[in-house]
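Numbering (our numbering), first residue to last: 82 to 421. Backbone N, C-alpha and C fix where the C-beta goes; we use that ideal spot for every residue, glycine too. Please read these numbers as outputs of a predicted model, since none were measured by experiment. Comments concern the structure below.
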Ligand code: 13P
């Protein structure tokens, strides 16, 4: 493990004003997202879409990294260049999703455990050769009747820590993603409590595994009301509860916290990140974004599989990046949406 390199990479993923794009949808997930906009998922359509995102002029203004899926890290653009080369030319660091998906957890109805540790060392070695300098592993915690169990939280925490150690062994920065789902009608207080339990368990295992905290990033959910909760917390409450929760649970040596959007609308995800940076300007970690849906929603709907829409879709993508870039400084406002 080269601690210096890991720390340098981790820091270069969270510079001022920039964040990360998650473009690592598995075949199943991208299939569903494409279907919603009337596009058939094929190797070519996935390539065209991701090429559109990555060739958007000047994305390096607001993006430090992009998380790729296995297919994409090997894929060539229509002009024969590797998609990873295009990213590097844009000043963007390629990363890779390495988990094998959240699967039903045995003897734990309604809960999931993420798979993919077998063969991980070999896969990480190959991904590093293909240009990846960071990786992502997502664990899923569901709030519901009698769940999450501590058993599910602990099992996922253990696996996240094993993954993080495996990454650092090969000088790949692990993004550790324990996601407490927004699905359900639970209150923000319940989300707060489960998020804290999850983060504490995760960092306990990470400590035991000897993971170098300065060479990793955390990708958590925000503390937020369940999607179907009758009462929805406002922007300031989400921001305050999220930061207070992180302050209790996340070691200050971690250089950055890069949130997932988790089903929030694009503008909501921007407003929440903005409020956190505005209300708490002097935190020990950078507070940034690593969104998939909240960055891609409008660009994908605009594109609809038609190359003729590519330029307008790219403009929508760049605009969203710019809004989140402003949220990194706490200087975003609703009016900036109109000004575009
Ligand atoms: P969302 O921003 O759509 O939640 O996706 C982030 C992600 O990478 C999930 O693993």
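Work out the CA separation of residue j and residue i for me, nearest whole Å.
| i | j | result |
| --- | --- | --- |
| residue 256 | residue 402 | 20 angstroms |
| residue 241 | residue 293 | 14 angstroms |
| residue 350 | residue 328 | 20 angstroms |
| residue 394 | residue 377 | 9 angstroms |
| residue 244 | residue 88 | 17 angstroms |
| residue 246 | residue 416 | 44 angstroms |
| residue 86 | residue 253 | 9 angstroms |
| residue 229 | residue 304 | 16 angstroms |
| residue 301 | residue 339 | 7 angstroms |
| residue 407 | residue 353 | 12 angstroms |
| residue 410 | residue 200 | 40 angstroms |
| residue 290 | residue 299 | 16 angstroms |
| residue 375 | residue 397 | 12 angstroms |
| residue 182 | residue 214 | 21 angstroms |
| residue 206 | residue 288 | 24 angstroms |
| residue 324 | residue 362 | 11 angstroms |
| residue 251 | residue 281 | 26 angstroms |
| residue 118 | residue 391 | 14 angstroms |
| residue 266 | residue 187 | 25 angstroms |
| residue 312 | residue 418 | 26 angstroms |
| residue 169 | residue 163 | 10 angstroms |
| residue 141 | residue 175 | 12 angstroms |
By the three-class DSSP mapping on this structure, what secondary structure does residue i have?
| i | result |
| --- | --- |
| residue 97 | coil |
| residue 169 | helix |
| residue 415 | coil |
| residue 163 | strand |
Check whether the Cβ of residue i sits closer than 7 angstroms to any heavy atom of the ligand FAD, and report yes or no.
| i | result |
| --- | --- |
| residue 316 | Only the ligand 13P can be found as ligands here, which leaves the ligand FAD out of the picture. |
**Item:** Contact the region 383–403 vs the region 321–340: 3+ CB pairs below 8 angstroms
**Value:** no
**Request:** Any chance you could list the alpha helix (DSSP H) runs of at least 4 consecutive residues sitting entirely within the region 99–150, in chain order?
**Result:** 108–117 and 124–135
**Message:** Please give me, in chain order, every unbroken run of the beta strand (DSSP E) with length at least 3 that falls completely inside the region 183–241.
**Reply:** 183–185, 193–195 and 215–222
**Request:** Specify whether the region 262–282 and the region 205–219 touch according to this definition: at least 3 beta carbon pairs, one from each stretch, less than 8 angstroms apart.
**Result:** no
**Inside the region 354–408 only - alpha helix (DSSP H) runs reaching at least 4 residues** = 374–384 and 391–408
**Message:** Taking contact to mean 3 or more Cβ pairs, one atom from each stretch, closer than 8 angstroms, check whether the region 147–155 and the region 102–112 are in contact.
**Reply:** yes
**Message:** Three Cβ pairs or more, each shorter than 8 angstroms: is that satisfied between the region 311–319 and the region 111–124?
**Reply:** no
**Neighbourhood of the ligand 13P [Cβ distance below 5 angstroms to any heavy atom], ordered by chain position** = 103, 219, 341, 342, 343, 372, 373 and 374
**Request:** Could you name each continuous alpha helix (DSSP H) segment of 4 residues or more that falls completely within the region 253–332, going from the start of the chain to the end?
**Result:** 269–289 and 316–330
**Message:** Any contact between the region 181–196 and the region 227–235? By contact I mean 3 or more CB pairs, one from each, below 8 angstroms.
**Reply:** yes
**Message:** I want to know whether the region 339–350 touches the region 256–271 - three or more CB-CB distances under 8 angstroms.
**Reply:** yes
**Request:** Would you check if there are 3 or more beta carbon pairs closer than 8 angstroms linking the region 94–103 to the region 363–373?
**Result:** yes
**Message:** For the region 112–131 against the region 153–163, do three or more pairs of beta-carbon atoms, one drawn from each stretch, fall closer than 8 angstroms, so that the two count as touching?
**Reply:** yes
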